[in-house]
Structure formats: C-alpha cells, structure tokens
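Trainee: Residues in the sequence shown are numbered from 3 upward in steps of one, following this note's numbering. Virtual Cβ for every residue (Gly too), placed ideally from N, Cα, C. Have a look at this one before I ask anything.
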Amino acid sequence: MNPIQQLFKQKQNNILSVFFIAGFPHLEDTCTVIRALSKNGADLIEVGMPYSDPVADGPVIEEADAVALQNGMTIKKLFEQLQQLHLTQEAKAPLLLMGYLNPMMQYGFEKFCNDAAACGISGLIIPDLPPDIYKEQYQKFVESNGLQMVFLITPETDVDRIRMIDSISTGFIYAVSSSSITGRDTDENKKEAYFKRLQAMKLHNPILVGFGIKDANTFRQACRYTNGAISGTAYINQLKNGGDIDKITAGFIRSFHNE
C-alpha cells in the first residue's frame, strides 16, 4: 500500500501537511528540513521544486523559489539529495513532490516518475496539469510507478468537475481555500461555506485544505469539515528568519496543536 493511503487508513482527521521549497534557505537544507518535519510530527511533507514562474504562489514562496534556484537547486540535484535520505530511511512521513509541469517535461516525464519513485516519493502535486490532459498523456507513468496523484480544486470548481477530479485522484484532493494566491487571508465565512459544501459531497478521496493555513485557528477551522490542512507560506517565513531548523520546525508544528 502506498504510504499516503496507509496514512489516511490510520488517521482520518487533523492531518497536518507541511510544504517547503527544496534548496531553501540553503542548497543542502532539503534533507535537514525533511528530517525535522518528520521527527516533529508532520503527517505529510510536500517538497516544492523551485520554479522561475510559480503562478499560483504568493511573494514568500516566489522569493524562496528564487533563492533556491540561485543556490543551484535542480531536479537532478533534488533527486540526489532524496536518494541519500531514502537510503537512511530517516523520513517516516510520506513525501510528495509539488511543482510545475514544464521542468518535469524538460527532465522527461516518464524518467521523472521513475526517479521520484526510486527516491521514496509517494505522490505528486502538479498545479498546472489539467486532469483531462493527465488522463490522456501522463496517468500511465504515474500509476506504473506506484505514485499517488493529487489535484487541486477551488471554490469556483463546479460540482461535475469536482466529481471528475475525485474519480482520478489517488492520494487526496487539495482544496484551495480561495481563488487567491498562497499566503493571502480570505473571508472566513466564505471558506466555511466552501468546506461545508465539500463535506456534504462525500467524496471518495480525503480532502486537505491549503492556502491561508497559518496557525492553530485556521488549521482547526479547516479540520472541522475536512481531513486536514496544508501549511507552506507560514513555515517558509519561519525558515527565512534563520536559526536551528529542528527547533524552528518543532515550534512551528507545536503551534498548530496548541489551544
């Protein structure tokens, strides 16, 4: 069983997934961050592959992307780092790669999936890959490597499309809390209505909420109606300030469970 499926079989609520950018703040920090997140209780870890034009991301993640690229992070370098981590079996939480399609195509999508699986990656999140194109061209490579595919939905996604996405998703559904970019606050009443609507649909896949999840309050609100939530911008902000990554990570994760 894929580690993501195993996680949701064992734990259905209050799942905390944390996103960061590989190679940030420093090139060799990737595995240090993964170890710290896994050790300190992150349920899922989303490893962001830096990209020069991250259209869905806000200024904090965009800046982290730029720093990581300047540091020399590439997909090849990332796989080398992940392979070393995989050999030590230090990452207990399932790992997902999140990034944009263009660099994966340049790398070779089939090779990308092969190498990702060989490095211990459990799933992929590709925000700019349309589900219908995925089914036609890419699904066979993802599934043949035992990877889970996660798609995004927004408050504007209509019911039929959500059902279609639910039918081809294999890990969980990433419910974007608003149509804004990452790191922006959104109207709480609108978010709650959106979460309730998703809950009422009784989808096949678990749902995790992303965008605007920054503290215990926003985490609890999302978890009330879904299986959990994803935080990225808030964590990257903490890493940006510098200091001991393990201590920063322990405090960050603890803050999501404090009343």
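1) Just tell me which of Asp168, Leu29, Leu9, Ala177 has its CA closest to the CA of alanine 66.
2) When you compare only the Cα positions, how much space is there between proline 5 and proline 96?
3) Who are alanine 118's beta bridge partners in DSSP?
4) Within the stretch 12-98, note down every full alpha helix (DSSP H) run reaching 4 residues or more, in order along the chain.
5) For valine 211 and leucine 89, I'd like the C-alpha separation in whole angstroms.
6) Could you tell me whether the Cβ atoms of leucine 98 and alanine 231 are closer together than 8 Å?
7) By the 10 Å Cβ neighbour count, where 16 or more other Cβ atoms means buried, how is proline 161 classified, buried or exposed?
8) Let me check one thing: in DSSP terms, what residues is alanine 177 bridge-paired to?
9) Using a Cβ-Cβ cutoff of less than 7 Å, which residues in the same chain neighbour phenylalanine 254 once the five nearest sequence positions on both sides are dropped?
10) In terms of alpha-carbon separation, which member of Met151, Thr34, Asp59, Tyr176 lies closest to cysteine 115?
11) Would you mind sorting threonine 184 into buried or exposed? The rule is 16 or more other CB atoms within 10 Å of its CB.
12) Answer yes or no: do alanine 2 and phenylalanine 258 have a C-beta to C-beta separation smaller than 8 Å?
13) Going by the DSSP bridge assignment, what does isoleucine 167 pair with across the sheet?
14) Using DSSP bridges, identify the partner residues of leucine 126.
15) Indicate the three-state DSSP secondary structure (helix, strand or coil) for glycine 253 in the structure shown.
16) Mind reading off the beta-carbon distance from proline 27 to lysine 242? Whole number of angstroms is fine, and I expect it under 8 Å.
17) By Cβ distance, which residues of its chain are closer than 8 Å to arginine 186, with the 5 residues on each side in sequence left out?
18) Just tell me which of Leu205, Gly148, Ile77, Ile209 has its CA closest to the CA of arginine 165.
19) For threonine 220, report the span of its alpha helix (DSSP H) as first-last.
20) Here's the rule I'm using: 16 or more other beta-carbon atoms within 10 Å means buried, otherwise exposed. How should glycine 2 be labelled?
21) Take methionine 3 and list the residues in its own chain whose beta-carbon comes closer than 6 Å to its own, dropping the five residues that flank it on each side.
22) Roughly how far, in whole angstroms, is the beta-carbon of proline 267 from the beta-carbon of leucine 154, given that I think they are within contact range, below 8 Å?
23) Starting from the C-beta of methionine 100, find all residues in its chain whose C-beta is less than 6 Å away, skip the five residues before and the five after it, and write them out in chain order.
Mentor: In this structure, then:
1) Selected option, being the one with the closest Cα: Leu29.
2) In a straight line, the C-alpha of proline 5 is about 6 Å away from that of proline 96.
3) DSSP lists no partner for alanine 118.
4) Complete alpha helix (DSSP H) runs here, min 4: 32-41, 61-73, 77-90.
5) Whole-angstrom Cα-Cα distance: 31 Å.
6) For leucine 98 and alanine 231, no; Cβs fall outside 8 Å.
7) In the sequence as displayed, the identity of residue 161 is valine instead of proline. With fewer than 16 other Cβ atoms within 10 Å, it is exposed.
8) Under DSSP, alanine 177 forms a beta bridge with Ile155, Val211.
9) Here the set comprises Tyr237, Gln240.
10) The option with the nearest alpha carbon to cysteine 115 is Met151.
11) Annotation note: pLDDT 49 at threonine 184 (below 50); position unreliable, coordinate value reported separately. Threonine 184 is buried by the Cβ-count criterion.
12) The question about residue 2 has no answer, for the chain in this structure spans 3 to 261.
13) Isoleucine 167 is not bridged to any residue.
14) Per the DSSP secondary-structure output, leucine 126 pairs in a beta bridge with Leu99, Met151.
15) Note: glycine 253 maps to helix in three-state DSSP.
16) 6 Å between Cβ atoms; contact.
17) Confidence is the limiting factor: at arginine 186 the pLDDT is only 49, short of 50, which leaves the residue's position unreliable and the question unanswerable from this model.
18) For arginine 165, the nearest C-alpha among the options comes from Leu205.
19) Run containing threonine 220: 218-227, per the alpha helix (DSSP H) assignment.
20) Only positions 3 to 261 of the chain appear in the structure, and residue 2 is not among them; the question remains open.
21) Contacts found: none.
22) Nothing about residue 267 can be read from this structure; the chain reaches only from 3 to 261.
23) Within the same chain, and ignoring the five residues on either side of methionine 100 in sequence, the residues whose Cβ sits closer than 6 Å to its Cβ are Glu48, Gly50, Ile127.
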